[in-house]
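Novice: Have a look at this one.
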Amino acid sequence: MNMNYTAEELAFRDEVRAFLEEKLPADIAAKAKGFRKMTKEDHQRWQKILVEQGWYASHWPEEYGGVKWTPVQKHIWDEESSAYGGPRTVPFGVNMVAPVIIKFGTEEQKQYYLPKILNGEHWWCQGYSEPGAGSDLASLKTRAVREVDHYIVNGQKTWTTLGQHANMIFCLVRTNTEVKAQEGISFLLIDMNTPGITVRPIITLDGEHEVNEVFFEDVKVPVENLVGEEDKGWTYAKYLLTYERTGLAGIGISKAALSHLKGLASRRLKNGKPLLQDPSFSQRIAQVEIDLMAASISNLRIIAAVEGGGVPGAESSMLKVKGTEIRQAINDLARRAIGPYAIPFVEEEMSLDYEGEFLSDENAAPMAAQYFNNRKLSIFGGSNEIQKNIVSKMILGL
Amino acid sequence: MDFTLSEEQQMLQDTVARLVRGEYSFEKRLEFSETELGFSEDFWKQLGELGLTAVPFDEELGGFGGGGVEIQSVMTELGRGLCLEPFMQSVILGGGILSQAGNKDQQDKYLPGVASGELKVAVGLQEPQSYYNLNEVETKAEKSGEGYTLNGRKAVVIGGHCADLIIVSARTSGDVRDADGISLFAVDPSAEGVERRTYPTIDGAKGCDVFLNNVKVDADALLGEEGKAAEVIEYQTGRAIAALCAEAIGCMEEANELTLEYLKQRKQFGVPIGKFQVLQHRMVDMMSELEQARSMAILAASFADAEQSDERRRTLAAAKNVINRAGQFISEKGIQSHGGIGMTWEYSFAHYAKRLVMISHQLGDEDFHLERYASLLEAS
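Protein chains in written order, with the UniProt record's numbering: chain D, 1 to 398; chain H, 1 to 380.
Structure, rendered in structure tokens:
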């Protein structure tokens, strides 16, 4: 049993810290730390810096631009980057479609798509959920019918995160209606500029435009955009979802959010004393910090197992549930910490360019919106109920 | 023992319910929310014309001296419609303070307008650093000539943006958290030195922070005895808490109906998702939370207009504690049971969730009322 980093890992951490200190733009870090709005341009600027450093696609094979970090190194990066205010990588290209292309795509597809993900020419979004297919993803109905050298796609995708910025979408489509639901699905890469595609915004309860509906009407997709074999898409989809889940626990993000919460609680007063010294509030913070401590060790145990050659399976589902509950608990406390000032919705103070007087604490404005917005954490990437079904089936054999 | 409403009370509730159903569709509510006023002027007028804004006042003001249960009937239905009008702020809290603390002249001056709805009152009791402690008053009222000069800032005054009269607490003596030395003043928002920073609220209404810079008021702006307002504030915010509890019940009933309906019609894996036991049990929990909350709202209503006592204080603290927790539970679990659709702007559920969670930020959160209750625990 040894829970300490090795000398090499410590040296790597120093390298990461030095890089973040030097290269992470201050305005982007301030936005991430203060839960302020990140623009497409912010993401692209940071991506360019990471690509130059060679750290953007760290988990890809070296021949395509990866660096073969160990799971521990990846973990160190996640923790440090969150702590310094590095924005969360928009995962759809680099972390989702890329691993599928690398594992199941043709050499031509790898040569064509991977460099475009790196240089930012392609901004990907995910076409999985449909109005009738959420938790029951395999019941999806978007239809792709093959006609000689192309498919004709008709249907609708929904909850497409940042689809308004995307020029590429990877889609699960039904290519065979004669077989079991899971066996008739294919994985298609579609150019968003193809005629017949319409993107419609979905505004969420906090007034944000993050997700979209995407409609397909007789959309012509060349057959070379099929990944792997026709009707085998479900296998690729599941492979991708394991990748998605590992990141969803968000331990690093929770640590940053907790530190932000403590800052808030040290400035907001109750009976003249900081909330951080208030018996009941400090106990609430202590409780969530303890839970986060436990989850971060659970996370390390999974990482160590993977480092030793294991494959993360249903454990990542367990961690997704815990991790999202903890993040939501932190958001809940941040909302409570600002007391009556949770009620005003002062949108202008959520922008980093705001130069006026703050209504209360400079970090107060986004807190209630953030609390409501992050109800999504226990819904997306496979709802927490679905994650528990996976654990109950795969680990417990129930 | 009888928990049913009297015929008159039931008629009152039905009147409001009909009005809300007819005038306050969810789509209209979104439109009202986006206007500069932030609510429907027309609906507010109708509340006045039907005598609803007069309910708690005496007959000579057009009311019938309605107590906690009558207020509960009105507020529950306003809650069900997510109504944005300042009924609680103006009629219950503002009108209550004027009735309890105002002298004859002040009552004659203001109450007819409050009861008819023509005069909108907002009440500023909180301050930027006060959190939920309404005895924490830094705003100062200094005697000057015949009147007073007010300096300070009142925080998150819901309805203050359009109020014709703002009642504020200010300190005339004592230390910052002393109960003694707090006074109430009726301030004309257009008076020199009054500035308002107006904002929308996250639950769709509007409010403001009120800045008082050397605001001169006459001696007759003082409501009640100088330095003795803490009791009035405690009593009247108790009535307002009972009203918020009733509003929350309307929101929770509607929220649970929406969730239940969704569980029945939304199909996944070939069956309505309500067939899954995990969602059934959760829905049952949401229903029992609502029933717990309803019990406390009824209890709170029965104490709202009772004489002040530790029992009244305890009951109202307990009620708000239960309502806050139930409201958050029903909001969070309801969103989760809906999935993504529960988080969208265009579907009403999210708006109920936002209102319910924000009710927990009005007049004391869960911890505030738990501590208050603990401080009043009866010895065994």
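The C-beta atom is built at its ideal place from N, Cα and C for all residues, glycine as well.
Under 7 Å between beta-carbons, which chain H residues line up against I112 (chain D)? List them in chain order, please.
Specialist: The residue asked about is misnamed: residue 112 (chain D) is Tyr in this sequence, not Ile. Those within 7 Å of Y112 (chain D) in chain H number zero; the least Cβ separation is about 32 Å.
Novice: T204 (chain D) touches chain H at which residues, Cβ-Cβ below 7 Å?
Specialist: The contacting residues are M343, T344, W345.
Novice: With a 10 Å radius around its C-beta and 16 neighbouring C-beta atoms as the bar for buried, classify E136 (chain H) as buried or exposed.
Specialist: Per the 10 Å Cβ criterion, buried.
Novice: Measuring only between beta-carbons, confirm whether H361 (chain H) sits less than 8 Å from chain D.
Specialist: At least one chain D Cβ lies under 8 Å of H361 (chain H).
Novice: Between which two residues does the alpha helix (DSSP H) holding Y113 (chain D) run?
Specialist: It spans 107–118 - the alpha helix (DSSP H) in which Y113 (chain D) sits, taken as one unbroken run.
Novice: Buried or exposed, going by whether 16 or more other CB atoms sit within 10 Å of the CB of S183 (chain H)?
Specialist: Classification of S183 (chain H): buried, given that the 10 Å Cβ count is 16 or more.
Novice: Going along chain D in order, which residues have a C-beta closer than 7 Å to the C-beta of E332 (chain H)?
Specialist: Near E332 (chain H) (Cβ distances below 7 Å), the residues of chain D are R375.
Novice: Run down chain D in chain order and give the residues with a C-beta less than 8 Å from the C-beta of N151 (chain H).
Specialist: Result: empty, since nearest Cβ-Cβ is about 17 Å, beyond 8 Å.
Novice: May I ask you to report which of helix, strand or coil DSSP gives C245 (chain H)?
Specialist: It is helical.
Novice: Closest Cβ-Cβ distance between D367 (chain H) and chain D: below 8 Å?
Specialist: Chain D contact via Cβ: present.
Novice: Identify whether E41 (chain D) lies in helix, strand or coil by the three-state DSSP scheme.
Specialist: Here E41 (chain D) sits in helix by DSSP.
Novice: E127 (chain H): buried (16+ other C-beta within 10 angstroms of its C-beta) or exposed?
Specialist: Label assigned to E127 (chain H): buried.
Novice: Indicate the three-state DSSP secondary structure (helix, strand or coil) for A186 (chain H) in the structure shown.
Specialist: The answer is strand: DSSP assigns A186 (chain H) an E or B state.
Novice: Note the first and the last residue of the continuous beta strand (DSSP E) segment covering Y151 (chain D).
Specialist: From DSSP, the beta strand (DSSP E) with Y151 (chain D) extends over 150–157.
Novice: Determine, using beta carbons only, whether I359 (chain H) and G334 (chain H) come nearer to each other than 8 Å.
Specialist: Not closer than 8 Å, so no.
Novice: Beta carbon of F185 (chain H), beta carbon of V210 (chain H): below 8 Å?
Specialist: No. Outside cutoff.
Novice: Tell me whether N2 (chain D) is buried or exposed, calling it buried when 16 or more other Cβ atoms sit within 10 Å of its Cβ.
Specialist: Under this definition N2 (chain D) is an exposed residue.
Novice: Hey, D80 (chain H) and G340 (chain H): beta-carbon distance below 8 Å or not?
Specialist: Looking at the sequence shown, residue 80 (chain H) is not Asp but Arg. Their beta carbons are not under 8 Å apart, which means R80 (chain H) does not touch G340 (chain H) by this criterion.
Novice: When the Cα of G382 (chain D) is compared with those of D:A133, D:E230, D:A342, which residue comes out closest?
Specialist: Ranking the options by Cα distance to G382 (chain D), first place goes to D:A133.
Novice: Return the chain-ordered ranges of every alpha helix (DSSP H) run that is complete within the segment 287–341 of chain H and spans a minimum of 4 residues.
Specialist: Complete alpha helix (DSSP H) runs here, min 4: 310–338.
Novice: Would you mind reading off the limits of the alpha helix (DSSP H) that contains T324 (chain D)?
Specialist: Per DSSP, T324 (chain D) belongs to the alpha helix (DSSP H) from 314–337.
Novice: Sorted by chain position, which residues of the same chain lie with C-beta nearer than 6 Å to M286 (chain H)'s C-beta, five sequence neighbours on each side aside?
Specialist: Around M286 (chain H): N256, I330, K333.
Novice: How close, in whole Å, do the beta carbons of I323 (chain H) and A248 (chain H) come, if the pair is a contact with beta carbons under 8 Å?
Specialist: Indeed, because the Cβ distance is near 5 Å, the residues count as touching under 8 Å.
Novice: At the level of alpha carbons, what is the spacing between G233 (chain D) and I71 (chain H)?
Specialist: The alpha-carbon atoms of G233 (chain D) and I71 (chain H) are separated by roughly 59 Å.
Novice: Rounded to the nearest angstrom, how far is the Cβ of T142 (chain D) from that of V100 (chain D), given a contact under 8 Å?
Specialist: No, T142 (chain D) and V100 (chain D) are not in contact; Cβ-Cβ is about 18 Å, not under 8 Å.
Novice: Quick check on A30 (chain D): buried or exposed, where buried means 16 or more other Cβ atoms within 10 Å of its Cβ?
Specialist: When all chains shown are included, A30 (chain D) counts as exposed.
Novice: Buried or exposed: which applies to K103 (chain D), given that a residue is buried once 16 or more other Cβ atoms fall within 10 Å of its Cβ?
Specialist: Answer is exposed; the Cβ neighbour count stays below 16.
Novice: Which residues, in chain order, does the segment 261–277 of chain D contribute to contact with chain H at a C-beta distance below 9 Å?
Specialist: For the segment 261–277 of chain D, which is checked against every Cβ of chain H, the residues closer than 9 Å are R268, L269, K270, N271, G272, L275.
Novice: Who are the neighbours of T201 (chain H) on chain D, taking C-beta pairs under 7 Å?
Specialist: The contacting residues are I343, P344, F345.
Novice: Is it right to say H338 (chain H) is buried, meaning 16 or more other beta carbons lie within 10 angstroms of its own, or is it exposed?
Specialist: Result: buried.
Novice: In chain order, what residues of the same chain have a beta carbon less than 7 Å from the beta carbon of V194 (chain H), not counting five sequence neighbours either side?
Specialist: Taken in chain order, the residues that qualify are V187, V210, L212, V215.
Novice: Going along the chain, which residues of its own chain have a beta-carbon closer than 6 Å to the beta-carbon of A297 (chain H), five neighbours each way excluded?
Specialist: Cβ neighbours of A297 (chain H) beyond the five flanking positions: C245, A246, I249.
Novice: Give the interface partners of W234 (chain D) over in chain H, defined as CB-CB distance under 9 Å, in chain order.
Specialist: Here the premise fails: no neighbours, minimum Cβ distance about 15 Å.
Novice: Could you work out which residues of chain H lie near A369 (chain D), taking near to mean beta carbons separated by less than 8 Å?
Specialist: Neighbours of A369 (chain D) on chain H, chain order: I202.
Novice: Is the Cβ of K264 (chain H) closer than 8 Å to any Cβ of chain D?
Specialist: Not closer than 8 Å to any Cβ of chain D, the Cβ of K264 (chain H) fails to qualify, so no.
Novice: Would you kindly report the start and end of the unbroken beta strand (DSSP E) that includes I170 (chain H)?
Specialist: Note on residue identity: the sequence assigns Ala, not Ile, to residue 170 (chain H). It spans 165–171 - the beta strand (DSSP E) in which A170 (chain H) sits, taken as one unbroken run.
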